[in-house]
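Here is the structure we will look at.
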Amino acid sequence: MERYLGADDVSALAAGAGLLGSGGGGDVAVGARLLRHALQSRGRARLVAAGDLPPDMVVVHVGLAGAPDVVAERPPGGEDFANAVTALAGALRQRVGAIGVIEIGGLNALIPLVAAQVLGLPVVDGDLMGRAFPRISQTTLAAAGHPATPMAVVGPAGDSVIIESASIDAADRIMRANVAALGGAAAVALYPCRAGTLAALGLPGSLSGCLALGQALVASAGLSVSQLAKRLGGELLCEGRVDEIRPRRGDLPGSLTLTDRSAGHILRLDMLDEYLNVAIDGVSRASAPDVLAVLDPVTFVPVPPDRLRSGQSIALLRLPPIPGWPDGVEGLIGLTAFGIDAGQPEATR
Amino acid sequence: MTAGYAPVSVRDLLTETVLAAAVVVAGRQGLDRPVRDLSWYSGELATTANGHLMVCAAAAVTPSYRLEALVRRAESAGVAALLIASEEQPPLLSTLRLADRLGIPVLSVVGADLVDLLHRLTIRVRAPEVQRARLIEDVVRRLSTKTTAEDILAALGLALSQSVWLLSSDGSAIHGEPISLPSTLRLDLTVPQHSDPSADGQILIHPVTEPGSTQAAAWLASHTAASNEHERIATASALAVAEPYVRAWLISQRVAAERDSVFHGRLLADLIAGQGVVSQDVVERALSAGWRLQDWHVGIHLVRTARVPDPLRDDPVTSMRKLRNALAAQKLIGPVVDRGDGWTVWISSATEPPSSDGRRVLRSVRLMLAQLPAHWEVVAGVGRVHHGPGGLASTLLEARDAATLARTHEYRPAAEHIDELGVARLLAAWQDSEILRAFAETALAPLKGVDGGQLLRTLQAYLEAGGSVSTTSIVLGLHRNTVTARLHRLRERLGVDLDDPNQRLALQLACRSIETEHG
């Protein structure tokens with residue numbers, strides 16, 4: 001089934017992507033500007049389910065890799081993403097039929113639409129992560145043993161690198177090294193696959209789900225935070241004040257101490273670039289791959305970890321999980337993947 | 001002695017020099033938690049951590065969220081406190097708040113040698129255990145040569161500086177003054193127990209069990225003056241150590257009693273079978289048993305008629321002890337032979353007793369029966385006074401005949417004298433007559449259905465006790481005044497003069513005829 005996305009939908013889509021970023025995934029505002037421009041100049045984007053595409057059609061996933069600061073300072077152009085896809089198509093020596101979404105959280109939920117508009121291709125309604133994750137290995141395709149390569153990395157100056165073949169972890173390292181060499185931020189085309197593979201292994205419908213979530217958020221002016229949580233189908237874990245911020249140290253997660261305003265619970269929110277784990281009174285209540293959203297309790301604007309301030313009032317929500325991840329992937333996307341061992345099973349979830 | 005130390009609290013430990021530099025970073029309100037022991041935390045919280053001070057190296061509680069998870073688990077495991085080696089970063093605020101809320105003290109030390117610290121604190125915390133070990137050593141040393149209950153209890157009492165008792169399985173004192181146990185102590189549960197601590201201290205009991213039995217054969221009991229936990233544990237350990245010694249004594253007692261019982265039973269059978277002709281062999285054996293065959297004898301035969309014996313309370317040794325106590329209380333001193341379903345007792349004297357002695361013995365036997373456990377349902381028969389070895393056989397046979405008659409009575413305890421057997425047979429004929437039964441119906445009609453038959457039973461007991469208020473009160477387990485009041489009511493209801501022998505006889509006949517009917 002096809003549907004179309006217009007410039008009017010960009011705000012809602014960006015809002016949804018901001019929530020699903022779970023604190024990470026970069027600044028959606030950059031992506032929203034690029035997308036709005038692309039839709040205004042080239043018309044509406046076409047959204048298709050992977051299952052509706054010919055099974056043999058080649059789908060290439062597109063995204064932006066790099067430091068958020070660099071992206072904010074020097075926003076990429078839409079052409080970069082199209083170039084990355086073209087470069088990868090060249091390496092594949094195959095025609096690309098559709099563009100895929102690698103992560104539905106943050107900036108990269110919007111970028112594929114930009115690339116698709118430039119190339120005049122449809123976008124697959126779905127993604128590979130169900131939220132934002134920091135590593136390209138944390139996808140449903142990688143979990144099923146599908147390689148991320150060949151991969152194309154294209155810098156803002158048009159410099160391009162093709163990574164022919166690499167293991168999934170090596171691909172991540174090589175990509176980062178190249179992104180750093182290309183100036184700190186670059187367009188990436190990766191995970192080329194058949195539409196049939198994607199229909200079987202992807203997380204279908206997550207792009208329209210993201211849009212729906214964003215629409216619900218945009219239309220929620222005047223609601224209380226708990227009403228908002230209910231409307232989003234999620235759970236309000238805490239509404240209160242930030243008492244202490246302990247920043248991350250390298251790969252060691254940082255933590256946030258919160259006091260719950262109503263119930264008086266003691267909350268700890270563990271985070272790296274994304275929010276990863278919530279412990280209430282010392283017991284883990286929600287953790288990756290759950291989507292955790294920290295919002296301003298008045299404006300409902302998502303607050304990423306680097307914008308938290310001591311004394312700030314926030315609301316902490318757990319959003320409904322996007323289904324589709326197979327069982328037994330905790331090592332890939334669970335807390336241990338982030339160097340957090342929740343200790344003994346303290347589960348009272 | 002075991003007193004003199006209180007359980008060490010976290011606060012106490014902080015006064016130790018090795019902890020001089022320690023800082024309480026959270027959970028201050030839990031500082032009075034007692035510390036039972038120390039242990040090293042290496043990432044796993046042992047199930048035995050209850051009451052422990054956990055010493056944690058920095059690596060075990062890094063990153064910070066690990067400490068928070070530990071605080072949470074420490075609370076559910078009952079850990080007394082956490083001692084952490086300081087990291088560059090203080091614990092998370094959420095961790096401190098959680099520890100505050102749960103009252104788990106978190107102590108932090110900088111640059112300490114944790115192994116040395118653990119050693120030093122362990123000595124302080126385990127002092128009570130060292131003292132307890134010394135006490136046990138003392139108890140073992142004192143008990144090593146003791147074989148009788150008296151010696152064992154005396155040695156144990158000295159070691160503990162406390163009163164110690166040996167109680168029978170039903171709680172009555174075998175050694176030591178009688179003691180009343182609090183109702184919270186359950187003698188039907190064969191496990192060590194202690195009463196609730198109070199200002200008077202605590203009573204501890206420890207079961208003495210024989211091999212192959214799950215029931216306590218006896219109980220060791222002690223009374224601690226103080227009521228702190230360490231002292232209680234120390235005393236309980238000492239009782240447990242003493243238990244096998246008591247058990248050995250008990251078994252030796254039992255073996256001796258069984259051996260005597262077999263020997264005496266056989267000797268008695270030979271005596272009775274001889275019927276006046278006594279062989280030299282029997283005389284020698286009787287002499288070795290301490291029996292004075294040439295004296296004057298009065299025989300008493302006791303039978304336990306309870307259909308359901310209570311194995312918990314009726315083991316042969318304690319039963320025999322109870323019987324001897326009851327006999328001694330009535331000055332009925334003489335050989336006692338266990339007959340399995342009862343006992344044969346006789347009283348010997350060098351000179352011929354007056355002929356009224358039979359009556360005196362019967363009265364004493366009635367009083368004695370009243371002191372035996374009611375659930376035995378004992379009946380007794382008393383023989384006439386006879387002389388010599390043949391006389392002993394005669395009086396014992398008479399006693400058994402009298403006991404057989406006593407057995408036909410409905411009430412327990414019952415006792416009969418052989419002298420009354422002739423009369424009793426006469427009465428037995430009477431009891432079957434229609435005239436007497438008709439008389440009984442009318443005479444006792446005012447008592448039917450009154451007070452659930454209490455008045456009738458009182459009348460029966462009074463008449464059987466030969467008109468003695470005191471014997472009646474003992475037999476029925478009532479106060480004298482209650483018996484007197486009931487007799488007063490009986491007189492009113494029946495309109496009879498109970499002091500008139502004729503009327504008394506008529507009533508007794510009436511009572512017995514009713515008894516026969518029911519029996």
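Going down the list, the protein sequences come from chains C and P.
Numbering of the first sequence is given in full-length UniProt numbering, commencing with residue 1 and proceeding in unit increments.
Numbering of the second sequence is given in full-length UniProt numbering, commencing with residue 1 and proceeding in unit increments.
Using N, Cα and C, we set each Cβ at its ideal position, and we do this for glycine too.
Note that the structure is predicted; figures quoted are calculated from it, not measured.
Would you kindly work out how many angstroms separate the C-alpha atoms of GLY103 of chain P and LEU70 of chain P, rounded to a whole number?
13 Å
Secondary structure at PRO68 of chain C, three-state DSSP: helix, strand or coil?
helix
Would you list, in chain order, the members of the stretch 57-82 of chain P that have their beta-carbon closer than 7 Å to a beta-carbon of chain C?
PRO63, SER64, TYR65, ARG66, GLU68, ALA69, VAL71, ARG72, ARG73
Give the C-beta separation of GLY388 of chain P and LEU396 of chain P to the nearest angstrom, bearing in mind that I take them to be a contact with Cβ-Cβ under 8 Å.
With 8 Å as the limit, GLY388 of chain P and LEU396 of chain P do not qualify as a contact, their Cβ atoms being about 13 Å apart.
Chain-ordered neighbours of GLY24 of chain C on chain P, where CB pairs are closer than 7 Å
None at all; the shortest Cβ gap to chain P is about 19 Å.
Name, please, each residue of chain P whose Cβ falls closer than 8 Å to the Cβ of THR257 of chain C.
LEU92, LEU93, SER94, ARG97
How close, in whole Å, do the beta carbons of LEU436 of chain P and LEU509 of chain P come, if the pair is a contact with beta carbons under 8 Å?
6 Å
According to DSSP, is TRP325 of chain C helix, strand or coil?
coil
Nearest to HIS194 of chain P by CA position, among P:ASP200, P:SER180, P:ARG232, P:ASP170, is which residue?
P:ARG232
If you compare alpha carbons, which of C:SER41, C:ARG74, C:ALA288, C:LEU92 is closest to TYR191 of chain C?
C:LEU92
Does any residue of chain C bring its CB to less than 9 Å from the CB of ARG101 of chain P?
yes
Measuring CA to CA, which of P:ASP138, P:THR408, P:THR442, P:SER180 is closest to ALA155 of chain P?
P:ASP138
C-beta atoms of ILE245 of chain C and LEU228 of chain C nearer than 9 Å
no
Exposed unless 16 or more other CB atoms sit within 10 angstroms - verdict on TYR65 of chain P
buried
May I ask you to report which of helix, strand or coil DSSP gives SER313 of chain C?
strand
Contained beta strand (DSSP E) runs [length at least 3] in the stretch 207-294 of chain P, N- to C-terminal order
216-224
So if DSSP puts LEU138 of chain C in a beta bridge, which residue, or which two residues, is it bridged to?
Note that residue 138 of chain C is Gln in the sequence shown here, rather than Leu. In DSSP, GLN138 of chain C forms no bridge with anything.
SER9 of chain P and ASP32 of chain P: beta carbons closer than 9 Å?
yes
Do you know whose CA, among C:ALA293, C:SER262, C:GLY264, lies nearest LEU232 of chain C's CA?
C:ALA293
Measure from the C-beta of GLN29 of chain P to each C-beta in chain C and report whether the shortest distance is under 9 Å.
no
At a Cβ cut of 7 Å, what residues of the stretch 243-276 of chain C count as close to chain P, listed as they run along the chain?
ASP243, GLU244, ARG246, LEU252, PRO253, SER255, THR257, ILE266, LEU267, ARG268, ASP270
Quick one: Cα of VAL379 of chain P to Cα of ASP151 of chain P, how far?
37 Å
4 or more residues per run - each alpha helix (DSSP H) lying fully within the UniProt domain "CdaR GGDEF-like" (279-404) of chain P:
280-289, 316-329, 357-371
So the candidates are P:PRO91, P:SER76, P:TRP40, P:GLY78; which of them puts its Cα closest to the Cα of VAL23 of chain P?
P:PRO91
Contiguous beta strand (DSSP E) assignments of at least 3 residues, all confined to the stretch 67-151 of chain P
81-85, 106-109
3-residue-minimum beta strand (DSSP E) runs that sit fully inside the UniProt domain "S-Me-THD N-terminal" (8-164) of chain C, ordered along the chain
45-48, 58-66, 96-101, 151-154, 160-163
Take LEU14 of chain P and list the residues in its own chain whose beta-carbon comes closer than 7 Å to its own, dropping the five residues that flank it on each side.
ALA22
Under three-state DSSP, which class holds GLY234 of chain C?
coil
If I follow the unbroken beta strand (DSSP E) through ASN277 of chain C, where does it start and stop?
275-280
Which residues in the same chain as ARG349 of chain C place their Cβ atom closer than 8 Å to its Cβ, once the five residues preceding and following it in sequence are excluded?
Reliability fails at ARG349 of chain C, whose pLDDT of 30 lies under 50, so the model's placement of it is uncertain and the value that follows must be treated cautiously. Closer than 8 Å at the Cβ level, and outside the excluded window around ARG349 of chain C, lie SER284, ARG285, ALA286.
How about GLY16 of chain C and GLY214 of chain C: do their beta carbons lie closer than 9 Å?
yes
Assigned secondary structure, VAL303 of chain C (DSSP; H/G/I helix, E/B strand, else coil)
coil
Tell me, to the nearest whole angstrom, how far the beta carbon of LEU143 of chain P is from that of ALA242 of chain P; I am working on the premise that it is less than 8 Å.
6 Å
Determine the extent of the beta strand (DSSP E) in which VAL188 of chain C is found, giving its start and end residues.
185-194
Could you give the C-beta distance for residue 350 of chain C and LEU121 of chain C, rounded to a whole number, given that I count them as a contact under 8 Å?
What is shown of chain C runs 1 to 349, which leaves residue 350 of chain C out entirely.
Spatial neighbours of VAL161 of chain C within its chain, please: CB distance less than 6 Å, with the 5 preceding and 5 following residues excluded, ordered by chain position.
VAL153, ASN178
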